[in-house]
Amino acid sequence: MKEDARLNLLEDGTLMIQNPQETDQGIYQCMAKNVAGEVKTPEVTLRYFGTPARPSFVIQPQNTEVLVGEGVTLECSATGQPQPRITWTRGDRSPIPTDPRITITPSGGLYIQEVNQEDAGEYTCFATNTVDTIHSTAYIIVQAIPQFTVIPQDRNLFEGHNVDFHCEAQGNPQPVIAWTKGGNQLSVDRRHQVLPSGTLRILRVALHDQGQYECQAINIVGSKSTSAHLIVQARGLTPDNLSCPPGDLYSVDI
């Protein structure tokens with residue numbers, strides 16, 4: 001046995017260890033011998049548990065942004081005596097659902113693969129031992145590229161009429177809708193209006209309004225675009241809108 005001032009062998013053969021330490025852990029055996037031979041006691045194991053201490057976090061989970069379809073890990077680890085056990089809950093402290101996409105890492109982190117919109121929300125890490133329980137909360141923010149829910153349709157109408165091109169999209173963050181005509185920015189004026197829903201409204205369409213209109217849905221993750229054509233037909237004279245003074249003759253090609 002190694003020399004150590006903390007180890008004392010008493011006269012009755014008892015081994016006394018003062019101020020036990022983690023390095024004192026191991027298997028001990030008492031042996032007695034003389035010229036006639038030797039005997040040994042059964043082996044005994046010394047385990048060191050140290051002074052009980054409440055858990056404290058080494059790493060706390062942080063708010064994390066992730067794209068739909070990617071993987072994300074909320075890290076969490078703690079120390080204490082005994083070593084704390086790590087568990088996770090979400091939202092209203094309900095247990096993490098059983099899901100093959102979700103695993104707890106050896107260090108205590110929460111890993112979610114192939115993230116979807118339903119994974120967004122609040123997650124809480126608990127560190128528990130016989131002394132106390134502590135917890136720390138973080139949010140998973142799931143970002144998604146815009147996707148159209150309503151796309152504009154081609155329109156064909158006479159000049160002077162009003163027309164609406166409906167365009168709506170969803171994503172996270174919520175996309176902003178912008179319109180262009182023939183690839184150029186569309187000036188918003190008294191006749192060209194973009195409604196809060198994203199709809200482009202053109203009042204009293206004129207022949208020069210004819211062309212391709214592009215709807216763009218944009219957020220910080222990316223953008224998507226779709227287009228529709230506007231065909232404007234000139235108003236022609238019809239028999240219903242002709243009038244001739246009495247006695248006069250007119251020839252009109254219709």
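For the sequence shown, UniProt numbering gives the first residue as 1, with consecutive numbering after it.
Glycine residues also receive a C-beta, built at the ideal position from the N, C-alpha and C atoms.
Chain-order list of residues whose beta-carbon lies under 7 Å from that of I112 (same chain, five-residue window excluded): Hits under 7 Å: G71, V72, R101, I102, D119.
Whole-angstrom distance between L15 and L7, CA atom to CA atom: So the two alpha carbons sit approximately 7 Å from each other.
Rounded distance between the beta-carbons of Y123 and P82, thought under 8 Å: Actually they do not touch by this definition, with Cβ atoms about 25 Å apart.
How far does the beta strand (DSSP E) with V58 in it extend, from its first residue to its last? That run of the beta strand (DSSP E) goes 53-59.
Does the Cβ of V44 have 16 or more other Cβ atoms within 10 Å, making it buried, or fewer, making it exposed? Burial state of V44 is exposed, judged by a 10 Å Cβ sphere holding fewer than 16 other Cβ atoms.
Apart from the five residues just before and just after Q29, which ones in its own chain have a Cβ nearer than 8 Å to its Cβ? The residues K40, T41, P42, E43, V44, in chain order, have a CB closer than 8 Å to that of Q29 in the same chain once the five nearest residues on each side in sequence are set aside.
Measure the alpha-carbon distance for N162 versus I177 and round it to whole angstroms. If you take the alpha carbons of N162 and I177, they lie about 20 Å apart.
On the three-state DSSP scale, how would you describe L186? Three-state DSSP puts L186 in coil, outside helix and strand.
Contact under 9 Å by Cβ, P146 with P175: Cβ distance < 9 Å, so P146 and P175 count as in contact.
Spatial neighbours of I104 within its chain, please: C-beta separation below 8 Å, excluding the five flanking residues on both sides. When the five nearest sequence neighbours on each side are left out, the beta carbons in the same chain lying within less than 8 Å of the beta carbon of I104 are those of I86, W88, L110, Y111, in order along the chain.
Nearest to H135 (by Cα), restricted to the options G108, T149, I151: If we check each option's Cα against that of H135, G108 comes out closest.
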